[in-house]
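Inspection log for the structure reproduced underneath, given as structure tokens.
Numbering (mature numbering (1 follows the signal peptide of the UniProt record, and there is no 0)), first residue to last: -24 to -1, 1 to 348.
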């Protein structure tokens, strides 16, 4: 792989990420808190969610809400609105409420380490989902296999380049995400691990911070400077929509099979991406079961951690509240900072399986009712 960094001067500073809206569902859960109470006298479980700026984030919260409601447990959801300082303050406030447990996804993987250590000292169980926290003692971490996802996205592109050019060669634009996030680090590393195997593939890198408008600007500049780009990628669908719009604005949006088509591969499997694949404009994406990670975190606490039981060796899809395209996944031994760890498998999506009801995007739209 030939790799060079494209320096892009971006003139738009965003305080909140733009997304193709989450409709009424987002408005209903807008902001700070949602509370459900029951006769459970054992204390309240707090979900500290990072925001609703992205479709996947809204689905995580909605699925947790659905599962926790069906469990009839005492819980409260706090939303940090993608503000690191606000999330730290929320965590500190919750620590004073004698909670039964804290379940959290970090905006920044290092920002909550001290808070986790305070919870450890107080004997409060801590579960982490989606974005790991890189310190403290975590009782359970549930995420998607982001390294695998990055690898699979790159593999789709490599296969499409071979179809287009007769061999694994070409020029690929990777508008990578915010590397303050462990998730984005792993997705980029997985992508790079594959591309490095192919010396005739040149990768142009530009940072879009995982943001739609910043990614659109980065892609527009790259497309203007490189007329011969064969493929484009961004490590989350929200950012990729900006890349998609940059391709369209440049007059380069062609369907798969049409002359001049730029290979387009995203990562997440949100409904809008699934539809673009079915329509023939995008080549593929990677499904991550992001809707389930917060709920599975609560499930592990409810079934095992609260009961003082050892976790099983595997998480079985057949026993889950949700339906998945995979059968089981290993519950890994405690790592240095993740604690016991469930990493949900990912899979490639193309036009043949884009509308499979087990895809996270289809479940989120069709069952949870989250709209764009």
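Beta carbons are placed, not taken as given, at the ideal position from N, Cα and C, and that holds for glycine. Just so we're clear, the structure is a prediction, and the values are computed from it rather than from any experiment.
With 16 other Cβ atoms within 10 Å as the buried cut-off, status of residue 200: Position 224 of the chain shown, counted from the start, is the residue given in the question as residue 200. Counting every other CB atom within 10 Å of its CB across the protein chains shown gives residue 200 a total below 16, marking it as exposed.
Leaving out five residues before and five after residue 127 in sequence, what residues of the same chain have Cβ atoms less than 8 Å from its Cβ? In the chain shown, counting from the first residue as 1, residue 127 sits at position 151. Excluding positions up to five away in sequence, the list reads 166, 167, 169, 170.
CB-CB under 6 Å to residue 299, same chain, minus the five flanking residues each way: which ones, in chain order? Here residue 299 is taken as the residue at index 323 of the chain shown, counted from 1. 334.
Going by the beta-carbon positions, is the gap between residue 188 and residue 217 smaller than 7 Å? As a working note, residue 188 is residue 212 in the chain shown. As a working note, residue 217 is residue 241 in the chain shown. Taking 7 Å as the cut-off, the beta carbon of residue 188 is found closer than this to the beta carbon of residue 217.
Residue 240, DSSP secondary structure in three states: Counting from 1 along the chain shown, the entry for residue 240 is found at position 264. Strand.
To the nearest angstrom, report how far apart residue 53 and residue 31 are at their CA atoms. Here residue 53 corresponds to residue number 77 of the chain shown, with the count starting at 1. Here residue 31 corresponds to residue number 55 of the chain shown, with the count starting at 1. Answer to the nearest angstrom: the Cα atoms are 17 Å apart.
Between residue 318 and residue 305, which are expected to be in contact by the criterion C-beta below 8 Å, what is the C-beta distance as a whole number of angstroms? Here residue 318 refers to the residue found at position 342 of the chain shown. Here residue 305 refers to the residue found at position 329 of the chain shown. That pair is a contact at about 6 Å.
Which first and last residues belong to the alpha helix (DSSP H) in which residue 146 is found? Here residue 146 is taken as the residue at index 170 of the chain shown, counted from 1. Note, residue 146: premise wrong, no alpha helix (DSSP H); beta strand (DSSP E) at 146 to 152.
Would residue 244 and residue 213 qualify as a contact pair, given that the criterion is a beta-carbon distance under 7 Å? The residue labelled residue 244 in the question sits at position 268 within the chain shown. The residue labelled residue 213 in the question sits at position 237 within the chain shown. In contact: residue 244 and residue 213 (Cβ atoms closer than 7 Å).
Take residue 121 and list the residues in its own chain whose beta-carbon comes closer than 7 Å to its own, dropping the five residues that flank it on each side. Position 145 of the chain shown holds residue 121. Correct list, in chain order: 319, 320, 321, 322.
Beta carbon of residue 77, beta carbon of residue 21: below 7 Å? Within the chain shown, residue 77 is the residue found at index 101, counting from 1. Within the chain shown, residue 21 is the residue found at index 45, counting from 1. Yes; because the gap between Cβ atoms is below 7 Å, this pair is in contact.
Which residues does DSSP list as the beta-bridge partners of residue 169? Within the chain shown, the letter at position 193 stands for residue 169. The partner list for residue 169 (beta bridge, DSSP) is empty, contrary to what the question assumes.
Would you report the Cα separation of residue 143 and residue 240, rounded to the nearest angstrom? By one-based count along the chain shown, residue 143 stands at place 167. By one-based count along the chain shown, residue 240 stands at place 264. Rounded to the nearest angstrom, the two C-alpha atoms are 18 Å apart.
Which residues mark the beginning and the end of the beta strand (DSSP E) in which residue 304 is found? Taking the chain shown and counting its residues from 1, one reaches residue 304 at position 328. 304 to 311 is the extent of the beta strand (DSSP E) around residue 304.
Inspect the CB distances between the region 143 to 159 and the region 278 to 289 and report whether three or more fall short of 8 Å. No, they do not touch.
Within 7 Å, strictly: CB atoms of residue 263 and residue 340: On the chain shown, position 287 is the one that residue 263 refers to. On the chain shown, position 364 is the one that residue 340 refers to. Annotated as distal: residue 263 and residue 340, with beta-carbon spacing of 7 Å or more.
Decide if residue 98 is buried, meaning its Cβ has at least 16 other Cβ atoms within 10 Å, or exposed. Counting from 1 along the chain shown, the entry for residue 98 is found at position 122. With fewer than 16 Cβ atoms within 10 Å of its Cβ, residue 98 is classed as exposed.
Leaving aside the five residues before and after residue 15 along the sequence, list all residues of the same chain whose C-beta is less than 7 Å from its C-beta, in chain order. If you number the chain shown from 1, residue 15 lands on position 39. Residue placement at residue 15 is poorly supported in this model, since its pLDDT is 36, which falls under 50; the coordinates still yield a value, given next. If the five residues before and after residue 15 are omitted, its C-beta is found closer than 7 Å to no C-beta atom of its own chain.
Compute the beta-carbon to beta-carbon distance between residue 344 and residue 42, rounded to the nearest angstrom, for a pair I have assumed lies under 8 Å. Along the chain shown, one-based indexing puts residue 344 at 368. Along the chain shown, one-based indexing puts residue 42 at 66. Rounded, the Cβ-Cβ distance is 7 Å, consistent with contact.
Roughly how many whole angstroms lie between the Cα atoms of residue 196 and residue 223? Within the chain shown, residue 196 is the residue found at index 220, counting from 1. Within the chain shown, residue 223 is the residue found at index 247, counting from 1. Inter-residue distance for residue 196 and residue 223 is about 7 Å (C-alpha atoms, whole angstroms).
Near residue 202, which residues of its chain fall below 6 Å by C-beta distance, leaving aside the five closest residues on each side in sequence? The residue given as residue 202 occupies position 226 in the chain shown. Its chain contains no residue whose beta carbon lies nearer than 6 Å to that of residue 202 once the 5 sequence neighbours on both sides are disregarded.
Cutting at 7 Å between CB atoms, please list the residues of its own chain near residue 386, excluding the five before and the five after it. Residue coverage of the chain in this structure runs from -24 to 348, which leaves residue 386 outside it and unanswerable.
Taking 6 Å as the limit between beta carbons, can you name the residues of its chain near residue -8, skipping five residues before and five after? Taking the chain shown and counting its residues from 1, one reaches residue -8 at position 17. Bear in mind that a pLDDT of 28 at residue -8, under 50, signals an unreliable position, so the number given afterwards is only what the model happens to contain. For residue -8, where only same-chain residues beyond five positions count, the Cβ hits under 6 Å are 29, 187.
If you follow the alpha helix (DSSP H) that residue 138 is in, where does it begin and where does it stop? Stepping through the chain shown from its first residue, residue 138 is reached at position 162. Run containing residue 138: 122 to 141, per the alpha helix (DSSP H) assignment.
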